[in-house]
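Q: Under this note's numbering, think of the first position of the sequence shown as -9, with each following residue one higher.
The following block contains the structure, expressed as structure tokens.
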Amino acid sequence: MQGKKILITGGTGQVARPVAEALASDNEVWCLGRFGDADARKALEELGVRTATWDMATDDLEGLPRDFTHVLHSAVHRGDGHDFEETTRINAVGTARLMTHCSAAESFLYVSSGVVYNRADRTHRYRESDPLGGAAPWLPTYPVAKITAEGVVRGLAETLGLPTVIARLNIAYGPYGHGGVPMILFREMRRGQACAVPREGQNYCNLLHTDDVVRQVPLLWGVAQAPARVVNWGGDEEVGITDLLEYLSELTGVPVRLDRGDYSRETAIFDHDVRRGLIGDCSIGWQTGIARTVSDLFEEYRDRIDEYVAAHGAETTK
């Protein structure tokens, strides 16, 4: 992708930052965010990314150019878990302001989440047409944030004639920020905490490495349409969270303790027929991606991981 003027929100996040870094060399890239991580902002600017502070809750977009060709909206106000009214307002108004400001763009990509699905069956492969109404006991306002924004995106895509994709993200991970859910779990293991898993069976997901995120964003922009197109966005492989924890332990030697109780963080597996038909397969297998990510974020395990990967005939992490 070359010669485009790109606007990305949520500038230091798991999706936004690697995309901004990858596109900055051949395009004019702008990043909006609260930028609580000053080092991440500096790193973006050193690559030529133009940054501007934007809080969805309070800030308008006056002073920002309007001639962006492509927009990636990944910023979200997750809420505090209790204030549903404020969470709804902030995400609706912030998203509406952004789409209206960038109504002349060639393509708009909104990053939603699999949390929007009514996840009643952990083995069901959710399709884009499945019922919504997701719940997240760990942060009840988060599904509301995503469902609200999806409604605004659908309405304005059609009203403005703005070609749009709503990409429902599964679990993205990689060597940015906190590393995603897999690295959150690994940090629990390092602290000796028991990791919550279901009493029976296990939760499943589709892990998506940031290398595939970066490669697929321009492809998703390329299939945008009005009315908005909805696409499940995750890795090709179905990964059990318990299997993931045990693999992390094998890689690093860090023991894993499982807390088989009544509560565990729900995940979902996707049917990817729509995404595969539009933009093709992913390129990073989950075990290779996890090994690379741990090696990048936790140098003290690098030699052990390389030995493990070499012994199992897999791709090296270096």
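Backbone N, C-alpha and C fix where the C-beta goes; we use that ideal spot for every residue, glycine too.
What are the boundary residues of the alpha helix (DSSP H) that includes Ala12?
A: Ala12 -> alpha helix (DSSP H) spans Ala6 to Leu13.
Q: Just list the residues that DSSP pairs Val221 with in beta bridges.
A: Val221 is bridged to Ala157.
Q: May I have the straight-line CA-CA distance separating Glu35 from Thr43, to the nearest angstrom?
A: Those two C-alpha atoms are separated by around 13 Å.
Q: Restricting to runs no shorter than 4 residues, where is the alpha helix (DSSP H) found entirely within the stretch 192 to 263?
A: Runs of the alpha helix (DSSP H) inside the stretch 192 to 263: 200 to 212 and 231 to 242.
Q: Which of the three DSSP states, helix, strand or coil, is assigned to Val61?
A: The answer is strand: DSSP assigns Val61 an E or B state.
Q: Look at the alpha carbon of Asn81 and the alpha carbon of Gln183, and state the distance between them as a whole number of angstroms.
A: Going from the Cα of Asn81 to the Cα of Gln183 covers about 34 Å.
Q: Ordered along the chain, which non-local residues of its own chain (more than five positions away) have a Cβ less than 7 Å from that of Lys308?
A: No answer about Lys308 holds up, because its pLDDT of 38 lies below 50 and its placement is not dependable.
Q: Have a look at Arg180, Arg247, Ala216 and Thr257 and flag the residue whose alpha-carbon is nearest the alpha-carbon of Tyr291.
A: Among Arg180, Arg247, Ala216 and Thr257, the Cα nearest to that of Tyr291 belongs to Arg180.
Q: Following the continuous alpha helix (DSSP H) through Ala82, name the residue where it begins and the one where it ends.
A: Phe74 to His91 is the span of the alpha helix (DSSP H), which, as asked, contains Ala82.
Q: Taking the alpha helix (DSSP H) that Ile137 falls in, what are its first and last residues?
A: Ile137 -> alpha helix (DSSP H) spans Thr131 to Leu150.
Q: Can you list, in chain order, the residues of its chain whose CB lies under 7 Å from that of Arg265, leaving out five sequence neighbours each side?
A: Counting only Cβ-Cβ distances below 7 Å, and skipping sequence neighbours, we find Val221, Asn222 and Trp223.
Q: Hey, His60 and Lys136 are a contact pair by Cβ (cut 8 Å); roughly how many whole angstroms apart?
A: No, His60 and Lys136 are not in contact; Cβ-Cβ is about 21 Å, not under 8 Å.
Q: Under a Cβ-count criterion, where at least 16 other Cβ atoms within 10 Å of its own Cβ denotes burial, should Gly151 be classed as buried or exposed?
A: Per the 10 Å Cβ criterion, exposed.
Q: Between the alpha carbons of Val19 and Leu(-3), how many angstroms are there, rounded?
A: Val19 and Leu(-3): Cα-Cα distance of roughly 6 Å.
Q: Taking Cys92 and Arg56 to be in contact with their CB atoms under 8 Å, please state how far apart those CB atoms are, rounded to whole angstroms.
A: The pair is a contact, with the Cβ atoms about 7 Å apart (cut-off 8 Å).
Q: What whole-angstrom Cβ distance do Gly0 and Ala65 have, given they're in contact under 8 Å?
A: Between Ala65 and Gly0 the Cβ distance is about 4 Å, and since that is below 8 Å, they are a contact.
Q: Between which two residues does the alpha helix (DSSP H) containing Ala33 stretch?
A: Ala28 to Glu36 is the extent of the alpha helix (DSSP H) around Ala33.
Q: Where Ser103 and His302 are concerned, what is the direct C-alpha to C-alpha distance, given to the nearest angstrom?
A: So the two alpha carbons sit approximately 34 Å from each other.
Q: Give the DSSP-derived three-state secondary structure of Ala94 in the structure shown.
A: It is coil, neither helix nor strand.
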